[in-house]
Structures are given as structure tokens and as C-alpha cells.
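Accompanying notes for the structure given below.
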Amino acid sequence: GAGVSQSPSNKVTEKGKDVELRCDPISGHTALYWYRQRLGQGLEFLIYFQGNSAPDKSGLPSDRFSAERTGESVSTLTIQRTQQEDSAVYLCASAVEGLSGELFFGEGSRLTVL
Amino acid sequence: AQTVTQSQPEMSVQEAETVTLSCTYDTSESDYYLFWYKQPPSRQMILVIRQEAYKQQNATENRFSVNFQKAAKSFSLKISDSQLGDAAMYFCAYRSFNAGKSTFGDGTTLTVKP
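If you're matching them up, the sequences are chains A and B in order. The numbering of the first sequence is my numbering, which starts it at 917 and goes up by one. The numbering of the second sequence is my numbering, which starts it at 19 and goes up by one.
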């Protein structure tokens, strides 16, 4: 596609519910990243995919968080049993591995846990 | 692990004036990339400028330029002839040359006064 697409753009959920956030990277981009951004703060790394493999998942804050990528394309970030501290904007970015390393970001999914 | 520090949470500049945003980083690697990204209030992050560590010449993109001091591990961004559209949050980022995640600073919010 023309850019990185994320859905939903906004999600309000109740504490304890599961949520799925989707990322559609730019076609041909082999690398895909998930970051979390709390209000007014910096980007917190969650997980990195190279193809369908995740060589670095060191940023996932707990076992409630998981992510997968299929077909070297779409990725889904799943948060189980959501907590209020999970409220944030979840940003997805893609890149062409082996080049300059520039990240192309989506507009993010804003998650609010009540 | 690499760390990126932006010591100025907020900066302001008068329209048409020049402003410099600071960034320092810590790494034991010799080859890497440094980036400045801009995040306007609409939320989507875009690349402003990129510097390869092996290049001694400072990168320049129109009104944006960097002062890259490799020995001091400093990477500042200079915005000349500031415009109202430059108002945004600016993030400094580090990426290893051999792929993997990008590490971001906490950001600097830039206000441009008319």
C-alpha cells in the first residue's frame, strides 16, 4: 500500500477485555516494529519482526502482550486482560531491511482502557 | 544497550529565527545511523533527517541540518528560518548498522511563536 495502515485508529475497552491491534506495512518492507507511546512521552520499543520471525521481543512488558506476523505482511498485536496502564498509542512502523534504516510509521492505534 | 537522551523537554522559537535541539547517545558500536523524526499534533511520525556515523560531513535537508560530533556522541538538530508548520514533537533516534530496533529519546516539544 501507499503507507503503513493501522486499525482501529481508536479503541475503548473495559479492564480485563482482550484487544487486537492490526498493522498493514508498506508492501515489500521486510522489517516491522511495534512501539508504545504514552501521552506526551517517548516511544517504547515492544517487538521487531524480520519477515515472519521476531528476533527481538525484549520490549513486550508482560506475557499479556503477544504479536504475530504472517505472509511477511500484516501484523497483529494482542493484549490480553487489559489493564488501565495499557492505555497508550500503539505505533507500528515498517522498513526495508539493509538500507538506511528509516522507519515509516502508521498513524497509530489509540487504546483507552476504562 | 544503546540509550538516547534529549535534555530539553520543551523549546520555543520565534518564527523566522533559528533553534537547536540537543541529543546525546551512548553506544559501544562504531557503525550506526542517527535520525531526527518529527511528530506533528496529527500524530504520524515522519523522518526529518538522517546521518550515517561513518560520514564526517553533517547532513543537511533544506532548512534542517545536524551537528554530528561522533567522539562526543552528540547529534543536535538546527532548524533555520523556523515556520509555524515546524511546531511538533521532535525525536532523536539511534539504530545499529546491523539492523534491529531503533531506540528513541523522550522527545522535545517545539513551539513556534508568530
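Quick reminder that beta carbons are idealized off the backbone N, C-alpha and C, glycines included. Because the structure is a prediction, the values reported are computed rather than measured.
Taking each of A:GLU1001, A:LEU962, A:ALA947, A:SER921 in turn and checking the Cα distance to ALA983 of chain A, the smallest one comes out for A:LEU962. Shown here, ASP49 of chain B sits in coil according to DSSP, grouped into three states, outside any helix or strand. Of A:TYR1006, A:LEU1027, A:SER1016, A:SER989, the smallest CA-CA separation from LEU948 of chain A is found for A:SER989. Counting along the chain, the unbroken beta strand (DSSP E) around GLU70 of chain B starts and ends at 64-70.
DSSP places ASP972 of chain A inside the beta strand (DSSP E), whose first and last residues are 969-972. In the same chain as PRO132 of chain B, and ignoring 5 residues on each side of it, the C-beta atoms closer than 6 Å to its own belong to GLU33, in chain order. Not a single C-beta of chain B is nearer than 8 Å to the C-beta of ASP979 of chain A. Three or more Cβ pairs closer than 8 Å define a contact, and the segment 1008-1018 of chain A falls short of that threshold against the segment 26-44 of chain B.
In this structure, GLN953 of chain A sits away from ALA1009 of chain A, with a CB-CB distance that is not shorter than 8 Å. Straight through space, the alpha carbons of SER114 of chain B and TYR108 of chain B are spaced by roughly 20 Å. Within chain A, the residues whose beta carbon sits less than 8 Å from that of ASP124 of chain B are GLN957, GLY958, listed in sequence order. Scanning chain B for C-beta atoms nearer than 9 Å to the C-beta of GLY1024 of chain A yields ARG61, GLN62, MET63, reported in chain order. With a cutoff of 8 Å on beta-carbon distance, THR929 of chain A and VAL935 of chain A are scored as near each other. Membership of LEU993 of chain A in the beta strand (DSSP E) is indicated by the continuous run 991-995.
Note that the C-beta distance between ARG997 of chain A and GLY944 of chain A is not below 8 Å.
Scanning its chain for C-beta atoms nearer than 6 Å, with the 5 sequence neighbours on each side dropped, one finds around LEU1030 of chain A the residues GLU930, in chain order. Contact annotation: GLY987 of chain A and LEU1007 of chain A have beta-carbon atoms that are not nearer than 8 Å. Spanning the alpha carbons of LYS927 of chain A and ILE64 of chain B requires a straight line of approximately 23 Å.
When only Cα atoms are considered, LYS973 of chain A and TYR964 of chain A end up about 6 Å apart.
Against THR121 of chain B, the close residues of chain A are PHE961, in the order they occur along the chain (beta-carbon pairs closer than 8 Å).
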